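Protein chains in written order, with the numbering used here: chain A, -1 to 359; chain B, 143 to 515; chain C, 38 to 402.
Here the structure is laid out as structure tokens; the discussion comes afterwards.
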């Protein structure tokens, strides 16, 4: 995907003879292959375990028509609402977390005093390490009562919006509370990686932009953002991965039901997530019920696959999205910065045909 | 509540007194008095050594911890690992896979599981031993109300969400003389599958079939409640809210208020004694093909006497009738024997809040234990 | 700079010397915003969070308006974004500080040398009162966490890092293996932790028979979760190493292997260390896979190859979910375990930073 890596294979021809090189190459290739083996193992395990439950007739199999899996016509009518809930909770969480996370990363990398930056980065890294159980406990103890009045307010005054309708929660165990806690959990992940990438923006670009009279924000928009776009998307995807698979905190905070609901502030109509559903019901489940739960795990697998592919599509669809920083120091780019800075500084006529590329490349 | 506390204190004193006698007995090599004395004698357990790996039901967890400590005092060479994080399903699954020496489970083995147990344990199969009994407490938190009485019908209506506020006529009728606020009712239920839910929904199904039309299930079948993880989640949420009502194993409710439930014509508060009486009155042996199996069905409609708590629950320890390793069989039977011994049940009652099992059940269990090899 | 050819020099007055807000304008504006917010709070009822929110909103509006009026549109935008970013930071800091404070204040009560250096969980019975006496202790969980996470790191960092090196340095962009591995790593990030635990347990059941619970199996489960995180973050960091560094190295006749080990990895080491720390942080707090694969025990077990092991997150989780008869003590132990876990991560994080500092080349930043 990147062109920096194209350097590799071309150069390796010259160094073929060295044994250390060959061993190292072999090592790293086998590491890559081992990932395939591990994943194949997990996938095989998931498929083999879940197939009996997926193929079974849920209405006539006594084991599946009772207990945690009871009341559903088939595997798909069981997993459908769960899949929805998983994506729904993660999307709300990411919508809240992403802008804030990018903001913090920028603050640390480009706004805070340099001496403070290291310390602030350290704090955020630490927060990524707070285990989800603790976030769950904190959510129950602090966030549930804290967000409760706000949810009652939203329901009372904005109840005409479907999102806030329904019987408002009285204990705070709504999907909104859960999503806020999820957002706090993914925040450090997105922030840490974004920050690291923002810091890698070539100094020359930044200085060039500043020298041409850009304000700090213009400098960031022109040099940092285009350079960091792919990395930030990766960071968001990692955050999404954590949000999708988050188990304990969600299980501890949200009061779930297996149904499709967009309501944010109720406690009886929250869509359950797959991971939390597995954690909550696995201990009591037996035999085929366990297989069915593992089958939902397979679906979570597929969901994260689809989300990742979608993100890649979006990334590649943007004109020049990924290629931006590959040839960072060539003429057109410097030209663009100059034009943009000049445009901004002079606020006067520039050939309009030049304007459109200025923001991007 | 006060009555209940006093009851506990009394039980503690009684337990202490009995313990002294039990101790004196064991020094001379004789066994503790009471029904379960047969295999729990310390003279035989002192020489035992080894590790018992078990797990399952979290309802039993505190009792198992107490039993482990008590057993350790008698058989210092034995380590018992009881994994409470697995749950009943996990316990049975691991038992059927051969990982566990015995499983703790809130439900006895279903026919297909029993068949699998025969593959694992040999033709004798596995026995379900009801070693732990407790009651499902109906806990509530309502400003200004300290004592609550509920009939089974009202209880079913509340949990089926057919009654929505605390000043409903049905609740008023159960609580004459109590001023009930118009606070909305929030029912707090378990979000995870659990034996407590199974027992409670079974109770509602049996005693109020007209109101409770949902299935009996170990997963709460009705949406619209505040579903919380684990008994502790339910207890904490009920405690933190106002107008909340929920159900939990009595041993786990701490200082949260519990309602008295109507049995026959009187409202019965929870007490360990009332649960033991309820078990003795309500259980009928379940259909089984395994000799010595003691799985029980509870008929809640029989509980009308006024001194029996109407919602008792049973948890089982499940083990093979024939172990692959005779030494392991000795260890496990000694341990289970200790569990049902007088001291074992007293320790659990004192340290885990459970109710002692009725004497005749204990006798039957020790008879079964003798056949296990 | 050939682009400047299209520029026309503005005929109007030079904007570079236009008005500027005084040096402490932001501070004054903040003060005004605070007073306004306090006034609003006085009208609709006081609430600390509301106060902060209104202050931020008023500040952003005021500073933009002021700057637009006195300076210019561009500077206003700059000030607005600066304010916004700072607000984002403070907004995020609030829950994060609250979390840490909750853990610290709730957990510190039980922390003592005895709690850290003895292993609890083997309660004894007082034969006279039949009372169970258990001494709280977390040593078994600390040792379990260190061993299991350490093993998991030992498995995943080499595999993850080498895979990242393969993806960035060796594989051609269009090579099928690279595409497949890239894709699979994405898939792997989506494995629910509980499934990883089940997978490891099933694997070990196959390998060692029915009594498969062990710390090693938990470590394998954690590795499955950790590898994709390590690969993704390492890959991103390796890619950021400028191509000129590599080219310069090759031009000097340095072999590829040496280039990677001496140039590429050291340049990226700070980022790699952050990535690994994040990956450890991600798995060190896992509960579900650990009790699936390593079961649960209160007893001390220092041998990761055999028998159930306890870890700090499992201790925190079980202390909350399955409290003993003394609920308060169980909860205290849970918070104590959580605090120890956070403290442990702080230490690990520091170590990673020191390593990064030692190996990192001096850079401009």
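For glycine and all other residues, C-beta sits at the position ideal for the given N, C-alpha and C.
In this text, all values refer to a predicted model and were calculated from it rather than measured experimentally.
Asked	Found
Starting from residue 332 (chain B), follow the alpha helix (DSSP H) in both directions and report where the run begins and ends.	Premise fails: residue 332 (chain B) lies in the beta strand (DSSP E), 328 to 332, not in any alpha helix (DSSP H).
Mapping the DSSP letters down to three states, classify residue 223 (chain C) as helix, strand or coil.	helix
Between the stretch 202 to 226 of chain B and chain C, which residues of the former have a C-beta closer than 8 Å to a C-beta of the latter?	203, 204, 207, 208, 210, 211, 212, 214, 215, 221, 223, 225, 226
Taking contact to mean 3 or more Cβ pairs, one atom from each stretch, closer than 8 Å, check whether the stretch 281 to 299 of chain B and the stretch 231 to 243 of chain A are in contact.	no
Are the C-beta of residue 492 (chain B) and some C-beta of chain F separated by less than 8 Å?	Structure shown: chain F not included; protein chains present are A, B and C.
Going straight from the alpha carbon of residue 368 (chain C) to that of residue 422 (chain B), what length do you get?	35 Å
Closest by CA to residue 373 (chain B), which one among C:275, C:208, C:361, C:163?	C:361
Drop a sphere of 10 angstroms on the beta-carbon of residue 293 (chain C), count the other beta-carbons inside from all chains shown, and report buried for 16 or more, exposed for fewer.	buried
Who are the neighbours of residue 396 (chain B) on chain C, taking C-beta pairs under 7 Å?	364
Exposed or buried, residue 329 (chain A), counting other C-beta atoms within 10 Å across all chains shown (16 or more means buried)?	Its pLDDT being 41, under 50, residue 329 (chain A) is placed unreliably by the model, and nothing is read from it.
Report the residue from A:247, A:296, A:207 whose alpha carbon sits nearest the alpha carbon of residue 229 (chain C).	A:296
Can you list the residues of chain B that residue 357 (chain C) reaches, using a CB-CB cut of under 7 Å?	374
Given that a residue counts as buried once 16 or more other Cβ atoms are within 10 Å of its Cβ, and exposed if not, what is residue 427 (chain B)?	exposed
Taking the alpha-carbon of residue 203 (chain B) as reference, which of C:371, C:355, C:379 has the nearest alpha-carbon?	C:355
Give the straight-line distance between the Cα atoms of residue 32 (chain A) and residue 292 (chain A), rounded to the nearest whole angstrom.	23 Å
Along the chain, which unbroken stretches of the alpha helix (DSSP H) at least 4 residues long are found entirely within the stretch 259 to 341 of chain C?	280 to 288, 302 to 321, 325 to 330
Quick check: the stretch 184 to 196 of chain A against the stretch 98 to 109 of chain A, are there 3 or more CB pairs under 8 Å?	yes
Report the CB separation of residue 455 (chain B) from residue 405 (chain B) in whole angstroms; it is logged as a contact under 8 Å.	Rounded, the Cβ-Cβ distance is 15 Å, inconsistent with contact.
According to the Cβ coordinates, are residue 123 (chain A) and residue 314 (chain C) closer than 8 Å?	yes
Using 8 Å as the threshold, is the C-beta distance between residue 238 (chain C) and residue 330 (chain C) below it?	yes
Would a check of beta-carbon distances place residue 246 (chain B) closer than 8 Å to chain C?	no
Along chain C, in chain order, which residues have C-beta atoms closer than 9 Å to that of residue 216 (chain A)?	111, 114, 115
State buried or exposed for residue 155 (chain A), treating a residue as buried only when at least 16 other CB atoms are found within 10 Å of its CB.	exposed
Could you name each continuous beta strand (DSSP E) segment of 3 residues or more that falls completely within the stretch 286 to 344 of chain B, going from the start of the chain to the end?	328 to 332
Looking at chain A, is there any beta carbon in it that lies within less than 8 Å of the beta carbon of residue 283 (chain B)?	no
Answer with buried or exposed for residue 317 (chain A), where buried requires no fewer than 16 other C-beta atoms within 10 angstroms of its C-beta.	Since pLDDT at residue 317 (chain A) reaches only 41, below the 50 mark, its modelled position is unreliable, and no value is offered.
Run through the DSSP bridge pairs and tell me what residue 284 (chain B) is partnered with.	B:287
Please determine whether the Cβ atom of residue 81 (chain A) lies at a distance below 7 Å from any heavy atom of the ligand ZN.	Of the ligands one can find in the structure shown there are none, so the ligand ZN has no counterpart to examine.
Evaluate the contact criterion for the stretch 214 to 227 of chain C versus the stretch 263 to 283 of chain C: three or more CB pairs, one atom per stretch, below 8 Å.	yes
Please report how far the alpha carbon of residue 331 (chain A) lies from the alpha carbon of residue 325 (chain C), in whole angstroms.	Only weak support is given to the placement of residue 331 (chain A): the predicted model assigns it a pLDDT of 47, under 50, and the question is left unresolved by the model.
Do you know offhand how far residue 218 (chain B)'s Cα is from residue 167 (chain C)'s?	17 Å
For a test of the three-state rule: what should DSSP assign to residue 9 (chain A), helix, strand or coil?	Residue confidence for residue 9 (chain A) is low, a pLDDT of 45 falling below 50, so the modelled location carries little weight; the figure read from the coordinates is stated next. Residue 9 (chain A) falls in the helix class under three-state DSSP.
State the start and end residues of the unbroken beta strand (DSSP E) segment that holds residue 404 (chain B).	402 to 405
Can you name the start and end residues of the beta strand (DSSP E) that residue 193 (chain B) belongs to?	191 to 198
Helix, strand or coil for residue 460 (chain B) per DSSP?	strand
Please report how far the alpha carbon of residue 250 (chain C) lies from the alpha carbon of residue 261 (chain C), in whole angstroms.	17 Å
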